[in-house]
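Residue numbers (my numbering): 42 to 233.
Right, dumping it as structure tokens:
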């Protein structure tokens, strides 16, 4: 499937309850995304009554959403190891499972980062030969080209093999971000 075909059929699973402000921050953000990308469909995971109350005032967004009710939310102070054992039925876990099941191509959560990484690694399984995921950020530059940086302080001790794996992950992400299969990104190492 080409990048354009994938873009035309994008469904994003959203942990609508995650983060310090939960749906009060997440749902208005989806309005912004949808205005720029009207082809996107969202599957919202969380408290149906809270989500529906917001969507009832935003018909444009409502048409682009499916809601799946969840009774549980992963709390920001929960340890990832505890979340692995007790997250069944949570908005975060169910959003990740939607990607695993092929119902969504991506998951977004502003919830507990450690829990998100641990659950994603458990449920989605890393690409072969990739031991650990890396958090990526996209930064604009003066030239107008974006720079993608991975592992921004998330791991204090990283060995050479992990650095190579992060470079591979970053290259794949850069190609998708650039929307050109033939794009060959420049990869570098920034050390502290």
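Beta carbons: idealized from backbone N, C-alpha and C, even for Gly. As the structure is a computational prediction, the values presented were derived from the model and not from experiment.
Alpha carbon to alpha carbon, how far is residue j from residue i? Give it in angstroms, no decimals.
i           : j           : result
residue 100 : residue 200 : 49 Å
residue 119 : residue 86  : 19 Å
residue 161 : residue 97  : 31 Å
residue 90  : residue 105 : 17 Å
residue 182 : residue 189 : 10 Å
residue 163 : residue 137 : 10 Å
residue 184 : residue 124 : 42 Å
residue 170 : residue 203 : 10 Å
Check residue i in the structure and name its three-state DSSP category.
i           : result
residue 113 : strand
residue 124 : helix
residue 65  : helix
residue 190 : strand
residue 85  : strand
residue 178 : strand
residue 171 : coil
residue 140 : helix
Which residue wins for smallest C-alpha separation from residue i, given the options the options?
i           : options            : result
residue 141 : 123, 165, 151      : 165
residue 217 : 203, 179, 163      : 179
residue 72  : 115, 95, 117       : 95
residue 64  : 93, 137, 51        : 93
residue 155 : 61, 186, 121       : 121
residue 213 : 139, 187, 103, 225 : 225
residue 150 : 169, 219, 116, 50  : 116
residue 75  : 114, 67, 102       : 102
Buried or exposed: where does residue i fall if 16 or more other Cβ atoms within 10 Å of its Cβ makes it buried?
i           : result
residue 23  : Only positions 42 to 233 of the chain appear in this structure, which leaves residue 23 out of reach.
residue 206 : buried
residue 192 : buried
residue 232 : exposed
residue 56  : buried
residue 227 : exposed
Handout entry: contact_flag[the segment 161-176, the segment 76-89] where n(CB pairs < 8 Å) is 3 or more
Key = no
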